[in-house]
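*Asks:* So the sequence shown is numbered by full-length UniProt numbering: it starts at 1 and just counts up by one.
For glycine and all other residues, C-beta sits at the position ideal for the given N, C-alpha and C.
The structure presented is a predicted model; accordingly, all values stated were derived computationally and were not measured.
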Amino acid sequence: MAPPIAVIDFETTGMVPAQGARATEVAIVLLEGTQVVDRFASLMQTGAWIPPFIEELTGISNAMVAAAPPAEAVMREAARFVGDAPMVAHNAAFDSKFWQSELQHAGLQATQPFACTVLLSRRVYPDAPSHKLGNLIDHLGLPRTGRAHRALADAEMAAALLARMQHDLGQRYGVPWPDHALLMRLQACKRQALGKLLQPALVD
1 MAPPIAVIDF ETTGMVPAQG ARATEVAIVL LEGTQVVDRF ASLMQTGAWI
51 PPFIEELTGI SNAMVAAAPP AEAVMREAAR FVGDAPMVAH NAAFDSKFWQ
101 SELQHAGLQA TQPFACTVLL SRRVYPDAPS HKLGNLIDHL GLPRTGRAHR
151 ALADAEMAAA LLARMQHDLG QRYGVPWPDH ALLMRLQACK RQALGKLLQP
201 ALVD
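(1) So Leu120 packs on Arg76, CB below 8 Å; how close in whole Å?
(2) Considering only the beta carbon of each residue, do Ile5 and His180 sit closer than 8 Å?
(3) Is the segment 137–156 in contact with the segment 183–200, if contact means three or more CB pairs nearer than 8 Å?
(4) Alpha carbon to alpha carbon, how far is Glu25 from Leu57? Give it in angstroms, no decimals.
(5) In chain order, what residues of the same chain lie with their CB nearer than 6 Å to the CB of Asp154, ignoring the 5 residues before and after it?
(6) Buried or exposed: Lys97, going by 16 or more other Cβ atoms within 10 Å of its Cβ?
(7) Helix, strand or coil for Pro70, going by three-state DSSP, please let me know.
(8) According to DSSP, simplified to helix, strand and coil, what is Leu108?
(9) Are the Cβ atoms of Val74 and Ile28 separated by less than 8 Å?
(10) Can you name, in chain order, every residue of its own chain whose Cβ lies under 6 Å from the Cβ of Asp204, other than the five neighbours on each side?
(11) Would a C-beta distance cut-off of 8 Å place Met44 and Val16 closer than the cut-off?
(12) Locate the beta strand (DSSP E) running through Ile28, then write down its first and last residues.
Quick look at the structure:
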């Protein structure tokens with residue numbers, strides 16, 4: 001069985017933690033191969049105000065987060081849930097910053113490497129009309145799992161996309177199940193070099 005990978009999604013008050021944006025919701029899906037083996041999701045209270053356009057986008061209101069557990073407690077629980085599992089997100093440049101920032105607020109450090117399903121999808125499905133999560137899900141005929149821009153629905157769809165990409169890479173190139181370390185290498189390579197990079201995996 002493939003070791004677990006933690007697929008994460010945040011909903012937030014803005015785009016950049018360095019500019020004061022905070023998380024409003026986090027969800028993590030633990031994936032072993034193609035199987036979801038566990039889930040964690042929680043709203044989180046930081047005291048940060050949610051602008052109206054963000055509330056409209058996510059459906060998460062200021063009243064909802066006011067009744068949520070403190071962010072520090074949620075993040076400590078999230079860190080325990082993830083453990084040592086490497087992480088994946090759709091647009092990891094965004095989610096990894098909030099993972100690091102919210103853990104710091106809780107007095108913890110982020111150590112896991114992040115793979116990105118946006119970068120990977122551009123290499124595995126270069127002809128997809130869009131590499132947004134919902135559009136990729138529709139393009140591949142995968143089920144939508146709930147309202148977009150809610151953390152658990154997006155994390156579950158990102159996990160399904162990841163498993164599909166791992167399966168398709170194995171079928172296309174005849175390689176064993178691509179692990180997280182290989183995914184990290186694939187997302188950093190040029191699309192034209194994908195096949196060449198996967199050749200050593202055939203020998204391994």
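*Replies:* Concretely, from the data shown:
(1) As a first step, residue 120 is located in the sequence shown; it is residue number 120 there, counting from the start. As a first step, residue 76 is located in the sequence shown; it is residue number 76 there, counting from the start. Wrong, their Cβ atoms sit about 30 Å apart, outside the cutoff.
(2) As a first step, residue 5 must be located in the sequence shown, where it is residue number 5. As a first step, residue 180 must be located in the sequence shown, where it is residue number 180. It is a contact, given that the beta carbons lie within the stated cut-off.
(3) no
(4) On the sequence shown, residue 57 is found 57 positions in, with the first residue counted as 1. On the sequence shown, residue 25 is found 25 positions in, with the first residue counted as 1. Approximately 13 Å, taken between the alpha carbons.
(5) Taking the sequence shown and counting its residues from 1, the one referred to as residue 154 is at position 154. Asp9.
(6) The sequence position of residue 97 within the sequence shown is 97, counting from 1. Buried, because 16 or more other Cβ atoms sit within 10 Å of the Cβ of Lys97.
(7) Along the sequence shown, one-based indexing puts residue 70 at 70. Pro70 falls in the strand class under three-state DSSP.
(8) Taking the sequence shown and counting its residues from 1, one reaches residue 108 at position 108. If DSSP states are grouped into helix, strand and coil, Leu108 belongs with coil.
(9) For this step, residue 74 is matched to residue 74 along the sequence shown. For this step, residue 28 is matched to residue 28 along the sequence shown. Contact flag unset, no.
(10) Numbered from its first residue, the sequence shown carries residue 204 at position 204. Summary for Asp204: the model assigns pLDDT 45, below 50, so the residue's position carries little reliability, and this model does not support an answer.
(11) As a working mapping, residue 44 is identified with position 44 in the sequence shown. As a working mapping, residue 16 is identified with position 16 in the sequence shown. Not in contact: Met44 and Val16 (Cβ atoms no closer than 8 Å).
(12) Numbered from its first residue, the sequence shown carries residue 28 at position 28. Segment Ala23 to Glu32, the beta strand (DSSP E) holding Ile28.
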